[in-house]
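The listed protein sequences derive, respectively, from chains A and B. Mind the numbering: the first sequence is residues 1 to 123 in the working numbering, read in order. Mind the numbering: the second sequence is residues 1 to 838 in the working numbering, read in order. Every residue, glycine too, gets a C-beta built ideally from N, C-alpha and C. Being a predicted model, the structure only gives us computed values, none of them experimental.
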Amino acid sequence: MKHVLVVDDAATVRMYHRGILEFAGYMVEEALNGIEALEKALETPFDLLLVDINMPRLDGFGFLKELRRQPIPQPPAIMVSTEAAAGDEKSAYRAGASCYLLKPVRPAQLLAHARLMLGEENK
Amino acid sequence: MTPLLEQFLSESREFSQGIGEKLMQMEDAPSDQGLINELFRLVHTLKGNSGLFTFPEMTRVLHAGEDLLGLVRNGQIAYSRELADRLLDAMDFVMVLCGDIETTERIDASRAQDSGRMAESLRALMPEAQTVQSDSATNSGKSPKATQDAHPAELPPLVEVPEAMRNEALRQCHQGETLHWICYTPAPDCFFQGDDPFFSARQTPGLLWGSAKPTEPLPPLAELDTYRCLLKFHLLTGASREELDEHYRYVPDQVRIVRVDPRWLSLSEDSSAESTQPVPAIPQGADGVANLLPAAPLQKTAEPSNSTADDKAAALESILSAQQQILMLDDRPDWGVGRLKAVGSVLLNLAKAAGDQEAASEIEAVLAECLVTGQSSLLVLWLEASRDHLIASHAAPPGPPAPNPSNAAASPSKEPKESASETDAGPAKPATDEAIKFGRRAEDNATGPRSLKVDQAKIDRLMNLIGELVVSKNALPYLAQRAEAHYGVRELSREIKGEYSVINRIADEMQDAIMQVRMMAVSFVFQRFPRLVRDISRKLGKEVQLVLEGEQTEADKNIIESLADPLIHIVRNSLDHGLETPEVRRACGKPEIGTITIRAAQEADRVVIEITDDGKGIDPAIIKRKAYEKGLIDEAALERIDNREAVNLIFAAGLSTSEVVSDLSGRGVGMDVVRTAVQKINGTVVIESVLGKGTTIRISLPLSMAVTQVMIVESDGQLFGVPMDNVVETVRVPRSDLRAIKQSLTAVLRGRIVPLKALNTLLGISAGPRANSDDELAVLLVQAGGEVLGLLVDGFKETIGLIQKPLGGFLSGLSAYSGSALMGDGSVLMILNIREIV
Chain A
1 MKHVLVVDDA ATVRMYHRGI LEFAGYMVEE ALNGIEALEK ALETPFDLLL VDINMPRLDG
61 FGFLKELRRQ PIPQPPAIMV STEAAAGDEK SAYRAGASCY LLKPVRPAQL LAHARLMLGE
121 ENK
Chain B
1 MTPLLEQFLS ESREFSQGIG EKLMQMEDAP SDQGLINELF RLVHTLKGNS GLFTFPEMTR
61 VLHAGEDLLG LVRNGQIAYS RELADRLLDA MDFVMVLCGD IETTERIDAS RAQDSGRMAE
121 SLRALMPEAQ TVQSDSATNS GKSPKATQDA HPAELPPLVE VPEAMRNEAL RQCHQGETLH
181 WICYTPAPDC FFQGDDPFFS ARQTPGLLWG SAKPTEPLPP LAELDTYRCL LKFHLLTGAS
241 REELDEHYRY VPDQVRIVRV DPRWLSLSED SSAESTQPVP AIPQGADGVA NLLPAAPLQK
301 TAEPSNSTAD DKAAALESIL SAQQQILMLD DRPDWGVGRL KAVGSVLLNL AKAAGDQEAA
361 SEIEAVLAEC LVTGQSSLLV LWLEASRDHL IASHAAPPGP PAPNPSNAAA SPSKEPKESA
421 SETDAGPAKP ATDEAIKFGR RAEDNATGPR SLKVDQAKID RLMNLIGELV VSKNALPYLA
481 QRAEAHYGVR ELSREIKGEY SVINRIADEM QDAIMQVRMM AVSFVFQRFP RLVRDISRKL
541 GKEVQLVLEG EQTEADKNII ESLADPLIHI VRNSLDHGLE TPEVRRACGK PEIGTITIRA
601 AQEADRVVIE ITDDGKGIDP AIIKRKAYEK GLIDEAALER IDNREAVNLI FAAGLSTSEV
661 VSDLSGRGVG MDVVRTAVQK INGTVVIESV LGKGTTIRIS LPLSMAVTQV MIVESDGQLF
721 GVPMDNVVET VRVPRSDLRA IKQSLTAVLR GRIVPLKALN TLLGISAGPR ANSDDELAVL
781 LVQAGGEVLG LLVDGFKETI GLIQKPLGGF LSGLSAYSGS ALMGDGSVLM ILNIREIV
């Protein structure tokens, strides 16, 4: 079963994303901020990351940069943000995000991205 | 209510509260960048959350708040009190909306206007450039009317009708038919009238052509209020006037029906050679136009039905272009290798998802090469070359013919499984949005702050069970006694006692543990004070600084909760009557800013809360005079009581010292409310005041109400419990020392005359008090409401700690008892409510 880490400081958003991903049969783990996410990601390998930008302690950019520095298999990361500014998208890629989605992400949209990024055969 | 919505509400409340607190903190440190960032983050997150639901009223306000704070964060506008005020109002509004959602799961329709106003007032604080987009959203209420009234006499904009249609219409006119042009502008709130304008328009009899356009430029999606109708319809119909009047009979004020003059059709044909162009007569026509042909039913043009496939294609497109962008980045950060690996994972997975083994192995090879050289250029080249192939192989597999040979060859064994998953995923996917269940899991709590929200009833139940356990365990010593006395087995008796001590210890610890669960920090009550003090002092024109100390002090939840009202009352009083205005303070030589300190601390088994202000203090002379005027004290007392006692008279019922009755502290109901509330939870309250210097009010409360220490007394062969809080001391008084003053018995104890009352009399038991062999009477000195009184009882027993249960059912009306408790031998002990019986 595929493991997905949902990183967001808003419990509502975490629950929303979890609901969608679990519906599709993925195992979901949550982290409240970048630090927690990093701890979890170093502990267990995840197949996909869903990362918010604006978070306390360590934001999404910081988390991804640190993660990408690690000598481990690098999972795809979907960066989720409300910032529509193009600069943000670029920063997300720079930091190590694999794609960039705007909140609120539609369930079908999220699943389409997740399925592709997880390499799931066409269902 | 769904768990997701519940989660949203609880988080929204938490965040609104947090935002309020941060705003408050910013008053002291208006340029603290960390605070501003945090504040922005909270509002931002809250807005993001609201976007998951259809709560445009909330999103609109929060969006404005976020924009405003964004400007503050970037230093484009400065933090100000006004800004804080408006944001606080906005947060209050969010709370109100949460209340709506909690009760009805939707936001009341009447809030839309408030929401608009609120967002507007926030945007008003922004420099001009940022406010533009919101303007359209607010004046929309009037605009449909305006457009409607502006050109009633003007020619209908028939030019917007496609040329072919116009020619056809013209032909019909020439054949003698009468055509009508309808301009239907539904009222913005028409949905609430039960109207379905779109349906009405479609059902217009004899419809030849129609269009729907926004009445105003549509606001950004996040601010769009879906409950307001922003459409207007232009319709061309061959129906008669009567038919049309009948069709639109419910909305005659919203339609304008004009008979089409054939010349208009031909005229417009002449005047606009390029009739497909947007027409200047309709300035808003350019965006969001849905042209409707009569043959086709009116239909929203977006929302293709095949959304899943579209989603997938769009996702693939966006992922591929993201990878391209990432590979093209020209920075060389130290995490570049990891980033490259991530791109590799994504591409590899994309190939796998397409079942394209060939591509997958290519990617692996290219990636390995790139990782060795540290250059991404090879991958860029591969992606450019293979992009289209990858997209094609993604589009191919779902079809039964499986045109991609590599796919079929690579996974023949997977075919059945694939088609199986296809069928079960196929129908499920369109329903995705509805079918997903959002639920809370144990992990939610593990990842959240490591605390648990538990229904208080559950804890109470646990508490009761432990209470019963404590009681049942007390049966063991009796059993041991019986084993020895009745059955003569001393060994067994000793063993039972041994077991008892173990159970006793565990039960005690359990009781302790569950009490800890019920403990809450006073900060729960304190946190509302910064806002309260700020608002009231602003209203009164006073400058006040609030100091909170010992917020982490803990006490039982019930205690903490019942503390809130008295504290608010006291603080209001201090603000209202205690602290002076800045002018007065300056004249007295005090600092202009007054200080109120609320301090909590634990002292032995009690929590002490002190509220101190450096205001004008209370004049004992005024209190005495007022108390005398109201008949609360007699002339003798007026002479006798000292200043300290006099000040404490402020707690007497009906005494209000304020010379001006202000709207904040109300009339007459003064500090007696505070005293009553505090006494209800077995607390005491005293006041100390120095005229001109300030006032301190000290509230002392028990840490927990769960276990009550009671002294057991005997009267007429029955046992009663008296709470130790009421007990002053126990004495034995020789019958000869009793004095009768008028009808009442008294005794002189420690140099004071103490009135005596027989417990039997108070409880309506006819037997008289029984003396011991030395003819001494047992007197339990109790205090109730500041008075000391001697209760004549037959004898004293031990003092025990027990868990009181309130009297229920038919017994709940018995005010003489505060509750009952089970004793170890299974008997019931009634606990006296001393204040009630004396």
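Cross-chain neighbours of residue i in chain A, by beta carbon under 7 Å
| i | result |
| --- | --- |
| B/F8 | T12 |
| B/I326 | Y93 |
| B/D334 | R69 |
| B/L316 | L116 |
| B/R339 | R68, G96 |
| B/D100 | Residues of chain A passing the Cβ test: none, with the nearest at roughly 17 Å. |
Burial state of residue i, where buried means 16 or more other Cβ atoms lie within 10 Å
| i | result |
| --- | --- |
| A/K103 | buried |
| B/M328 | exposed |
| B/I36 | buried |
| B/T612 | buried |
| B/E57 | buried |
| B/C848 | Nothing about residue 848 of chain B can be reported from this structure: the residues present for chain B run from 1 to 838 only. |
| B/Q254 | buried |
| A/L49 | buried |
| B/S689 | buried |
| B/H174 | exposed |
| B/E66 | buried |
| B/I831 | buried |
| A/V4 | buried |
Contact set between residue i and chain B, taken where Cβ atoms lie within less than 7 Å
| i | result |
| --- | --- |
| A/L118 | N349 |
| A/H3 | Going along chain B, no residue has its Cβ under 7 Å from A/H3, so there is no contact; the nearest lies around 13 Å. |
Within 8 Å, strictly: CB atoms of residue i and residue j
| i | j | result |
| --- | --- | --- |
| B/W525 | B/L575 | The residue you asked about is not Trp; residue 525 of chain B is Val in the sequence shown. Cβ distance not < 8 Å, so B/V525 and B/L575 don't count as in contact. |
| A/A114 | A/L21 | yes |
| A/L111 | B/L316 | no |
| B/C98 | B/L9 | yes |
| B/L763 | B/A816 | yes |
| B/S493 | B/A483 | yes |
| B/V251 | B/D195 | yes |
| B/L158 | B/W181 | yes |
| B/K742 | B/L791 | no |
| B/A480 | B/K497 | yes |
| B/A521 | B/E554 | yes |
| B/P205 | B/E243 | yes |
| A/A10 | B/T45 | yes |
| B/I623 | B/V608 | no |
| B/Q7 | A/T12 | yes |
| B/L856 | B/L39 | In the structure displayed, chain B extends from 1 to 838; residue 856 of chain B sits before or after that span and is not available. |
| B/K542 | B/G594 | yes |
Contacts that residue i makes with chain D (C-beta to C-beta distance below 9 Å)
| i | result |
| --- | --- |
| B/K473 | Absence of chain D from the displayed structure is noted, the protein chains being A and B. |
Amino acids of chain B, ordered along the chain, whose beta-carbon sits closer than 8 Å to that of residue i
| i | result |
| --- | --- |
| A/D88 | Correct list: empty, because the minimum Cβ distance to chain B is about 13 Å. |
| A/Y26 | In chain order: nothing, as chain B lies at least about 12 Å away. |
| A/T82 | H44, K47, G48, G51 |
Sheet register partners of residue i (DSSP bridge)
| i | result |
| --- | --- |
| B/C173 | Beta-bridge pairing links B/C173 to no other residue. |
| B/H389 | In the DSSP output, where bridge partners are listed per residue, B/H389 has none listed. |
| B/S744 | B/I741 |
| B/Y184 | B/F233, B/V255 |
| B/G795 | B/E714 |
| B/S820 | B/K805, B/M830 |
Proximal residues of chain A, C-beta to C-beta of residue i below 9 Å
| i | result |
| --- | --- |
| B/Q76 | Those do not exist, as B/Q76 stays about 15 Å from chain A at its closest Cβ, beyond 9 Å. |
Amino acids of chain B, ordered along the chain, whose beta-carbon sits closer than 9 Å to that of residue i
| i | result |
| --- | --- |
| A/N33 | Within chain B, no residue comes near A/N33; the closest Cβ sits about 10 Å away, beyond 9 Å. |
| A/P76 | I319, A342, V343, S345, V346, N349 |
Under 8 Å from the C-beta of residue i: neighbouring residues of chain A
| i | result |
| --- | --- |
| B/R41 | D9, N54, M55, P56 |
- Message: Ignoring anything shorter than 3 residues, give me the beta strand (DSSP E) runs that lie fully in the segment 673–733 of chain B, in order along the chain.
- Response: Counting only runs of 3 or more residues that sit fully inside the segment 673–733 of chain B, the beta strand (DSSP E) segments are 684–690, 694–702, 707–715, 718–723, in chain order.
- Message: Which complete alpha helix (DSSP H) runs does the segment 496–526 of chain B hold, if anything under 4 residues is left out?
- Response: 523–526, all fully within the segment 496–526 of chain B.
- Where in the segment 190–274 of chain B do unbroken runs of the alpha helix (DSSP H), each at least 4 residues long, occur, reported from the N-terminal end onward? Runs of the alpha helix (DSSP H) inside the segment 190–274 of chain B: 197–202, 241–247, 262–271.
- What runs of the beta strand (DSSP E), each 3 residues or longer, lie entirely inside the segment 577–662 of chain B? Runs found: 594–603, 606–613.
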